[in-house]
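Trainee:
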Amino acid sequence: MALYEESVHKAFDRIKHSKLNAYITLDKEGALETAGKVDDGKVSGRLAGMTVAVKDCITTKGLLTTCGSKILSGYVPPFDAEVVARLRKEGAVITGKTNMDEFAMGTSTESSYYGPTKNPWDLTRVPGGSSGGSGAAVAGLECRMALGTDTGGSVRCPASFCGVVGIKPTYGLVSRYGVIAYANSLEQVGPMARNVSDAALLLDVIAGHDPKDSTSVPHDACYTDHLVEDVKGLTIGVPKEYFGEGTDKKVDNAVWSAIMKLDKLGADYKEVSLPHTKYALSAYYIIAMCEASSNLARFDGLRYGLRIGKDENWHTTFSRIRAEGFGEEVKRRIMLGTYALSEGYYGKYYLKALKVRTLIKQDFEKVFKGVDVLAAPTMPTTAFKIGEHADDPLSMYMADIDTVPVNLAGVPSISVPCGFAGKLPIGIQFIGGFFDEPKIIRTAHTYELNTDFQKLPEGF
Ligand SMILES: NC(=O)C[C@H](N)C(=O)O
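Read the sequence shown against the UniProt record's numbering and you will find it ends at 460, with the numbers running on by one and no gaps.
If you want it as structure tokens, here you go:
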């Protein structure tokens, strides 16, 4: 059997016996077809023959796309998202659609209608979210790389919990055309992979201007050119608000060891402050829920997706479909977002949150005048137990404390493994200024080359 076809068979064999529930939909037939064409020399490109899994909120022509929700049951898009079209153009072998928190709302992948995904390092724990299926599939060798989306940490959190690499690009760098929107002003599609080189390669393919997305920015760069081992003269800022209280001691220590390692390799570090960090979570959740309440108004089951009961008047049918089709967390956010946007509360919540967002952005702009990159924990803890936050949504929101400021500001960040607490991986994030992906990729790559935290979970 030819080389790439064989690698597809291997991946699908692993998936068949997997306990992870990383995928919602598989496309073995399509994957074998593309791999066969690569083997025959009919398809080529920078990702030729490489297996890539795609988060289920990114539309794929002819392939079920559910966003982890019952309301999109049976929805098969007639078009590809721009990022998917770019994958195909470069010869990628798309394995299938990965599990996720419903409409990307969550930090654990537990809110998926299709059941929770398990963490390959410990099956009793969550893989992080909302791109938990992508993180688990990469860590569990069920694909070589994957796409996720990061609205408030959804790529970096599962990267951290699953011991892989994840990038949240600068806002506007990657097209959102064909990405089912949760909170447009915050989200970006980002690569996930087992090492920085693969993540940079995937970013090369998906980044770049797309006239079909009005927020897409013309900006050319080759990220794989920056896979150099060199941090000499680089100044690393260590934001004091990201350490200490609320952060697991083991996470704190691992991140500090990473900073010391980079110092030894020739970088300098200094403590800095991002003083508005403490307001980031509230601002993020208000803005994200407001945008979600507006975005999700389009799901009425009348044109596509779930259709139940017999059709009655418009209002009854519409309400029944939405009541049945959306899960609890999605409903909570629609209601809270609608409330925050309503007359009398709009100024008090939504407008205020936007003002806080500006202050947070300014914090980053100021700090990057004195440092090249920032280093901080990606998550304040390692992967938590499935069900641990089930009855307390607020405690789940709190886990996003270190990731959401980056989305509010629009700057890029990369998460890489930096140690273990017991058998559970810990992640460090390197944050850059606008379009400073080359710098954070160089820092992460140099760090990765000088450490050995790129391990496979036991049994894989
Ligand atoms: N979508 C994300 O980036 C995840 C974030 N925890 C949220 O629920 O909004």
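Ideal Cβ positions, reconstructed from N, Cα and C, are used throughout, including at glycine.
Should Met50 go down as buried or exposed, given a rule of 16 or more other Cβ atoms within 10 Å for buried?
Mentor: Mapped onto the sequence shown, residue 50 falls at position 50. Label assigned to Met50: buried.
Trainee: Evaluate Ser154 with the Cβ neighbour count: other Cβ atoms within 10 Å of its Cβ, from every protein chain shown; 16 or more gives buried, anything less gives exposed.
Mentor: Working through the sequence shown from its first residue, we reach residue 154 at position 154. Ser154 is buried by the Cβ-count criterion.
Trainee: Determine the contact status of Pro380 and Phe161, defining contact as a CB-CB distance below 9 Å.
Mentor: Here residue 380 corresponds to residue number 380 of the sequence shown, with the count starting at 1. Here residue 161 corresponds to residue number 161 of the sequence shown, with the count starting at 1. The answer is no: Cβ separation not under 9 Å.
Trainee: Span of the beta strand (DSSP E) holding Thr98?
Mentor: The count along the sequence shown starts at 1 and reaches residue 98 at position 98. That run of the beta strand (DSSP E) goes Val93 to Thr98.
Trainee: For the beta strand (DSSP E) that contains Thr51, what are its first and last residues?
Mentor: Numbered from 1 along the sequence shown, position 51 holds the residue referred to as residue 51. Segment Thr51 to Lys55, the beta strand (DSSP E) holding Thr51.
Trainee: Cutting at 6 Å between CB atoms, please list the residues of its own chain near Phe368, excluding the five before and the five after it.
Mentor: Here residue 368 refers to the residue found at position 368 of the sequence shown. Gly433, listed in sequence order.
Trainee: Sort out for me which residues DSSP pairs Gln188 with in a bridge.
Mentor: The residue labelled residue 188 in the question sits at position 188 within the sequence shown. BP columns for Gln188 point to Asp150.
Trainee: Hey, how far is the Cα of Ser216 from the Cα of Lys310?
Mentor: Reading the sequence shown from its first residue, position 216 is the one you call residue 216. Reading the sequence shown from its first residue, position 310 is the one you call residue 310. Roughly 42 Å separates the two Cα atoms.
Trainee: For Ala449, which option in Glu82, Leu262 and Tyr171 has the closest C-alpha, if you only look at C-alpha atoms?
Mentor: Translated into positions along the sequence shown, residue 449 becomes position 449. What sits at residue 449 in the sequence shown is Leu, not Ala. Closest by alpha carbon: Leu262.
Trainee: For my contact list, Val91 and Pro417 are in at a C-beta cut-off of 8 Å; report their separation, rounded to the angstrom.
Mentor: Here residue 91 corresponds to residue number 91 of the sequence shown, with the count starting at 1. Here residue 417 corresponds to residue number 417 of the sequence shown, with the count starting at 1. Reading off the sequence shown, one finds Gly at residue 91, where the question assumed Val. Not a contact, Cβ separation roughly 28 Å.
Trainee: Would the beta-carbon of Arg88 fall within 9 Å of that of Ala139?
Mentor: The residue given as residue 88 occupies position 88 in the sequence shown. The residue given as residue 139 occupies position 139 in the sequence shown. For Arg88 and Ala139, no; Cβs fall outside 9 Å.
Trainee: For Thr117, which residues from the same chain have a beta carbon less than 7 Å from its beta carbon, with the 5 sequence-adjacent residues on both sides left out?
Mentor: Mapped onto the sequence shown, residue 117 falls at position 117. The residues are Leu20, Asn21, Ala22, Asn99, Thr109, Pro127, Gly132, Gly133 and Ala136.
Trainee: In this structure, does DSSP put Phe430 in helix, strand or coil?
Mentor: As a first step, residue 430 must be located in the sequence shown, where it is residue number 430. Of the three classes helix, strand and coil, the one that applies to Phe430 here is strand, per DSSP.
Trainee: Answer with buried or exposed for His315, where buried requires no fewer than 16 other C-beta atoms within 10 angstroms of its C-beta.
Mentor: The residue labelled residue 315 in the question sits at position 315 within the sequence shown. It is exposed - the Cβ of His315 has fewer than 16 other Cβ atoms within 10 Å.
Trainee: Name the two residues that bound the continuous alpha helix (DSSP H) containing Val416.
Mentor: In the sequence shown, the residue the question calls residue 416 occupies position 416. Element bounds for Val416: not the alpha helix (DSSP H) but the beta strand (DSSP E), Ser413 to Ala421.
Trainee: Could you check where the beta strand (DSSP E) with Ile360 kicks off and where it finishes?
Mentor: Residue numbering aside, residue 360 sits at position 360 when the sequence shown is read from its first letter. Unbroken run through Ile360 is the alpha helix (DSSP H), Lys352 to Val367; no beta strand (DSSP E).
Trainee: For a test of your reading of the model: does the CB of Glu448 fall under 8 Å from any non-hydrogen atom of ligand 1? Yes or no.
Mentor: In the sequence shown, residue 448 corresponds to position 448, counting from 1. Checking the Cβ of Glu448 against ligand 1 gives no.
Trainee: Considering only residues of the stretch 66-118, which uninterrupted alpha helix (DSSP H) runs meet the minimum length of 4 residues and lie entirely inside it, listed in chain order?
Mentor: 82-89, all fully within the stretch 66-118.
Trainee: Check whether the Cβ atoms of Gly246 and Ile401 sit closer than 9 Å, and answer yes or no.
Mentor: Counting from one through the sequence shown, the residue named residue 246 turns up at place 246. Counting from one through the sequence shown, the residue named residue 401 turns up at place 401. Yes, the Cβ-Cβ distance between Gly246 and Ile401 is below 9 Å.
Trainee: Tell me whether Tyr182 sits in a helix, a strand or coil according to DSSP, three-state version.
Mentor: As a working note, residue 182 is residue 182 in the sequence shown. Looking at Tyr182 - three-state DSSP - the assignment turns out to be coil, as it is neither helix nor strand.
Trainee: Looking at Gly62 and ligand 1, is the gap between the Cβ and the nearest heavy atom below 8 Å?
Mentor: If you number the sequence shown from 1, residue 62 lands on position 62. No.
Trainee: For the alpha helix (DSSP H) containing Tyr339, name the first residue and the last one.
Mentor: Your numbering for residue 339 matches position 339 in the sequence shown. Glu328 to Leu341 is the extent of the alpha helix (DSSP H) around Tyr339.
Trainee: I need the straight-line Cα distance from Lys300 to Val255, nearest angstrom please.
Mentor: By 1-based counting over the sequence shown, the position of residue 300 is 300. By 1-based counting over the sequence shown, the position of residue 255 is 255. Checking the displayed sequence, the identity of residue 300 turns out to be Asp instead of Lys. Approximately 46 Å, taken between the alpha carbons.
Trainee: Excluding the 5 residues flanking Tyr339 on each side, which residues of the same chain have their C-beta closer than 7 Å to its C-beta?
Mentor: Locating residue 339 in the sequence shown gives position 339, where the first residue counts as 1. Answer for Tyr339: Tyr345, listed in chain order.
Trainee: Identify every residue that forms a DSSP beta bridge with Pro377.
Mentor: The residue labelled residue 377 in the question sits at position 377 within the sequence shown. Its beta-bridge partners are Ile428.
Trainee: For Tyr284 and Leu173, what's the separation of their Cα atoms in angstroms?
Mentor: Taking the first residue of the sequence shown as position 1, residue 284 is located at position 284. Taking the first residue of the sequence shown as position 1, residue 173 is located at position 173. So the alpha carbons of these two residues sit roughly 21 Å apart.
Trainee: Would residue 463 be called buried (16 or more neighbouring beta carbons within 10 Å of its own) or exposed?
Mentor: The chain is shown only over 1 to 460; residue 463 falls outside these bounds and no answer can be derived.
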